[in-house]
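The next block holds one structure in the form of structure tokens; read it before the comments.
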Amino acid sequence: MTPDWMVLVIARWANFLSVATLFGMALFQFYAPQGSRKAFAVSATARRLFVAGGAIVFVSTIGWAGAVLVDLAGDVEALYDRNEWSSFLFDTSFGPVWLVRCTLATVLAICAKRGVRANALIAALAACLLFSQSWIGHVAALSATARFGVVLAYAAHVLAAGAWLGGLTALIVVLPVFRARADQISASNLLTRFSTVGLVAVVAIIVGGLVNVVAQAHMATLLTSGWGRTLGVKVLLVLAMLALASLNRFVL
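Sequential numbering from -19 applies to the sequence shown in my numbering.
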């Protein structure tokens, strides 16, 4: 793996994880019990997570776009060439998508500084960023007929992943507060609510992922391609999510 490709991989994963976490943390305030919402809203840790997440979203979005430009141009010097950037953003089919993504990332980073006070806006912006990934990845290469269904499946896949990941983050922030107060009722209510959301999210992740695999994968290269190896990592993550959801639902 070349350094340029390494930067691309890191930027892409950092972007997805940060956007998904922000989406899920913002969404948490719409389904969590009232006591949990209040505890999360006043948490200094939650505020820091929102600010850090917004910063990572902004940096990783710019870094991802730059890494794609370098990959296309074949020269890192393209990063410092205004004409290369102009061609990338305005003369390609995916350039406008990157302009929109960079704008969304900038606004999201600003809104994230407000934390839970901007929940609805953060959730909407993060959802748009997650959804827009389908237009700069494998899905964009599909025929128009197949693209619509796959895009919907992809949206369900990434939004559900964000709901689970960000919800788990909020859960980790809030549960110690209840345990410090010996408030077992609030902790139990939160775990029950999150387990329901988590199981629905896992089902959506699996269904959306299967649709994408069927639409895009060539079984002969599934285990040898970079896309196939990435899929393998995702499968392991989903299995871990299933284990956590089952533990939360039936044990905790």
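Ideal Cβ placement from N, Cα and C applies to all residues, glycine included.
In the DSSP assignment, K18 falls within the unbroken alpha helix (DSSP H) covering Q14 to A21. Counting only runs of 4 or more residues that sit fully inside the stretch 91 to 148, the alpha helix (DSSP H) segments are 99 to 112, in chain order. DSSP, reduced to helix, strand and coil, places A162 outside both helices and strands of the structure shown, so it counts as coil.
DSSP places D(-16) in the helix class (H, G or I) of the three-state scheme. Under the 10 Å beta carbon count, S73 is surrounded by fewer than 16 other beta carbons and is classified as exposed.
Assignment of G54 by DSSP, reduced to helix, strand and coil, places it in the coil class.
Counted as a single uninterrupted DSSP element, the alpha helix (DSSP H) harbouring F68 occupies residues R62 to F70.
Taking the Cα of G146 as reference, the smallest distance to any Cα among W44, V(-1) and R161 is reached at V(-1). Within the same chain, and ignoring the five residues on either side of R159 in sequence, the residues whose Cβ sits closer than 7 Å to its Cβ are A167. Between L2 and G33, the C-beta gap is smaller than 8 Å, which places the two residues in contact. The C-beta distance from C91 to A98 rounds to 4 Å, short enough to fall under 8 Å. In the three-state reduction of the DSSP assignment, F3 falls in the helix class, which pools H, G and I.
About 5 Å separates the Cβ atoms of S23 and V153, confirming a contact at the 8 Å cut-off.
Here the C-alpha atom of L101 lies approximately 23 Å from the C-alpha atom of A184.
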